[in-house]
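Once you know that position 21 of the sequence shown is 35 in our numbering, the rest is easy, because the numbers rise by one and skip nothing. Below is one structure; the comments refer to it alone.
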Amino acid sequence: MASTSPRHTPKLLKTTQPEAGGASNVTKHLFGITLAACLVLFIFAFSSSLWGPNIGPLSHLLHTSPTSLQPLLELWSLGYVPGALVGGLLLDRFGPRSTFLLAALILTGCLLAFLAYLFFPQSAALLILVALVGIAGTGGGVIDASTNGMMGSVYAHKRGMVLNLFSLIYPIAGFIISLVDAGLLRIYHNDPRPAFIFTLAFAVIALCSLLAIPKNFRIKHGTNNLKHTLKSVPSLLLVLAPVIIVMMLTGGVYISMYSWIASYMHDAFKQPASLLAILIGVMWIVDALGRLGAASIITRLGSWKITMLSIGVGLLGLVVLIFSPNVFAATAGFSIAIAGLGPVYGTSLTLACEGTEHTLGSVTGILLFANGLFGVFWIWLFGFLLHSSTFWPVLLSIVLVLLSGLVGLSLRPTQH
Numbered sequence: 015m016a017s018t019s020p021r022h023t024p025k026l027l028k029t030t031q032p033e034a035g036g037a038s039n040v041t042k043h044l045f046g047i048t049l050a051a052c053l054v055l056f057i058f059a060f061s062s063s064l065w066g067p068n069i070g071p072l073s074h075l076l077h078t079s080p081t082s083l084q085p086l087l088e089l090w091s092l093g094y095v096p097g098a099l100v101g102g103l104l105l106d107r108f109g110p111r112s113t114f115l116l117a118a119l120i121l122t123g124c125l126l127a128f129l130a131y132l133f134f135p136q137s138a139a140l141l142i143l144v145a146l147v148g149i150a151g152t153g154g155g156v157i158d159a160s161t162n163g164m165m166g167s168v169y170a171h172k173r174g175m176v177l178n179l180f181s182l183i184y185p186i187a188g189f190i191i192s193l194v195d196a197g198l199l200r201i202y203h204n205d206p207r208p209a210f211i212f213t214l215a216f217a218v219i220a221l222c223s224l225l226a227i228p229k230n231f232r233i234k235h236g237t238n239n240l241k242h243t244l245k246s247v248p249s250l251l252l253v254l255a256p257v258i259i260v261m262m263l264t265g266g267v268y269i270s271m272y273s274w275i276a277s278y279m280h281d282a283f284k285q286p287a288s289l290l291a292i293l294i295g296v297m298w299i300v301d302a303l304g305r306l307g308a309a310s311i312i313t314r315l316g317s318w319k320i321t322m323l324s325i326g327v328g329l330l331g332l333v334v335l336i337f338s339p340n341v342f343a344a345t346a347g348f349s350i351a352i353a354g355l356g357p358v359y360g361t362s363l364t365l366a367c368e369g370t371e372h373t374l375g376s377v378t379g380i381l382l383f384a385n386g387l388f389g390v391f392w393i394w395l396f397g398f399l400l401h402s403s404t405f406w407p408v409l410l411s412i413v414l415v416l417l418s419g420l421v422g423l424s425l426r427p428t429q430h
């Protein structure tokens, strides 16, 4: 595998060229393309961050228990998995403008139907409500894979830095939504519907940015087209296997920490909900700083070194967490682990794209598909173990991060 470093030259990397309009077409529309990708990814990030803070208010509105609505989170994650795989293929086949539009319409359409159900709860069965969340997750998966695939293509020569900067959208969106939802829930007396209206209103504005992408704009990477990529999936998986394993193991731990930090702190240290909300906000800020730090030094150190450094920092945070005697030490452990593991997302995508000449949308989709699939399983297992002990899920997380580091050693680039 190659690295985003001036001392390492990728073996298989070919020049990224647009199919229509020439290289000047990319430069001419670069700002509009970038803006559209960022705003569309914000739709997904806002929607993904929307569910956690509103489970309690939703249960009150629907006169049910929060536990009975937990499947909404699980179905959102399950819906994401096939969406991520299909999203990369759609990007390569139909281009960014059509793919972004289709995915955003699926996601916002389902959220709009979900909101309509909240206003008229007798008009449909709860089963339909659950199905809408799963379909919305599929639209989110398409957005995630296609936006990352396009950014990795357009900024091929600065891919590592750009993908890490692009991934800042996830923590920034989470932080914004936590503030907006907290304010709206307070103003509207714990009514979750205004929070959904805010996300839908933003989505409408973001969709207008798609006009900045030329209708026939395509990105072709290397010498292989989509048809060739689909035929060579088995060999492609073999090449990508080490990167997939690193991304899955670290991504599963990263996602589970965000999903269960509140429960962990409550079970281990009996902290009140008000303090936990502050801690989650701190996590978002630390996550953003970690990704920003990785983006600032990746051109000097290279993607592989940043990946291994991130794994080391994440491992340190988990060790601090498992031996933490109080809530302050545990917060430090969570912060260090999240700051370390967050950048692995962007660096893994960079390593995978640099090591193959196949279409980048498909490569990105395969990685995010595997990452999402393992994430769903690990979130469930982490929560299952957490109900009996706070020690075992953290210990197994340490084992997973250690394994990712061992596999990561095989990705070390060849120096020329």
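From the three backbone atoms N, C-alpha and C, an ideal C-beta is built for every residue, glycine too. From a predicted model like this one, the values you see are computed outputs, not experimental measurements.
Rounded C-beta distance between residue i and residue j? I'm assuming under 8 Å.
i, j, result
"L425", "L365", "6 Å"
"M271", "V358", "Their Cβ separation, rounded to whole angstroms, is 13 Å, which puts M271 and V358 out of contact at 8 Å."
"L64", "I191", "6 Å"
"G109", "F283", "Going by Cβ atoms, the distance from G109 to F283 rounds to 50 Å, so no, they are not a contact pair."
"L414", "P407", "10 Å between Cβ atoms; not a contact."
"L121", "I57", "6 Å"
"G304", "G331", "At roughly 10 Å, the Cβ-Cβ gap does not stay under 8 Å, so G304 and G331 are not in contact."
"G102", "A51", "So it is not a contact: roughly 14 Å between Cβ atoms."
Residue range of the alpha helix (DSSP H) that residue i falls in?
i, result
"A229", "Checking the displayed sequence, the identity of residue 229 turns out to be Lys instead of Ala. Premise fails: K229 is in no alpha helix (DSSP H) and is neither H nor E."
"P407", "405-422"
"G174", "173-180"
"A366", "358-368"
With distance defined between alpha-carbon atoms, name the residue in the options nearest to residue i.
i, options, result
"E88", "T152, T48, G369", "T152"
"G166", "R314, I393, T48", "T48"
"H171", "S79, L399, C367, V377", "C367"
"T428", "V377, G316, S402", "G316"
"V100", "F383, I259, S310", "F383"
"A59", "I201, F216, L75", "F216"
"F342", "K319, A353, V296", "V296"
"S273", "G397, Y169, A308", "G397"
"A351", "T264, F388, N385", "T264"
"L381", "W392, W298, S362", "S362"
"V144", "G163, F114, L92, Y169", "L92"
"V176", "I233, F189, D301, T161", "T161"
"P256", "L86, S82, G422", "G422"
"S112", "I393, I227, F348", "I227"
"G369", "S349, N340, L254, G356", "L254"
"P339", "V54, T404, M322, R200", "T404"
Can you tell me whether DSSP reads residue i as helix, strand or coil?
i, result
"N204", "coil"
"S376", "helix"
"N340", "coil"
"L84", "Residue identity differs from the one stated: residue 84 is Gln in this sequence, not Leu. Here Q84 sits in helix by DSSP."
"H74", "helix"
"P135", "coil"
"H280", "helix"
"Y94", "helix"
"S349", "helix"
"G109", "coil"
"G148", "helix"
"S160", "helix"
"S17", "Confidence at S17 is low in this model, with a pLDDT of 44, below 50, so its placement is unreliable and the value that follows should be read with caution. The answer is coil: DSSP assigns S17 none of H, G, I, E or B."
"P427", "coil"
"S249", "helix"
"Y169", "coil"
"S79", "coil"
"G316", "coil"
"S62", "helix"
"S402", "coil"
"L27", "Bear in mind that a pLDDT of 34 at L27, under 50, signals an unreliable position, so the model cannot answer this."
Under the criterion of a Cβ to heavy atom distance below 7 Å, does residue i qualify as lining the ligand ATP?
i, result
"M175", "In the structure shown, the ligand ATP is absent, as is every other ligand, since no ligand is present at all."
Flag residue i as yes if its beta-carbon sits less than 8 Å from any beta-carbon of chain C, otherwise no.
i, result
"L221", "Structure shown: chain C not included; a single protein chain is present."
* Do the stretch 65-75 and the stretch 172-182 make contact, defined as three or more Cβ pairs closer than 8 Å? -> Too few Cβ pairs lie closer than 8 Å, so no.
* Asked: Within the chosen definition, does the stretch 264-283 reach the stretch 330-348 through at least 3 CB pairs nearer than 8 Å?
  -> Contact between the stretch 264-283 and the stretch 330-348 is present: 3 or more CB-CB pairs across the two stretches fall below 8 Å.
* Take every Cβ of the stretch 215-232, pair it with every Cβ of the stretch 89-99, and state whether three or more of those distances are shorter than 8 Å. => The stretch 89-99 and the stretch 215-232 do not touch, with fewer than three beta-carbon pairs separated by less than 8 Å.
* **Three-pair Cβ contact test at 8 Å for the stretch 72-79 versus the stretch 190-206** => Touching, per the Cβ criterion.
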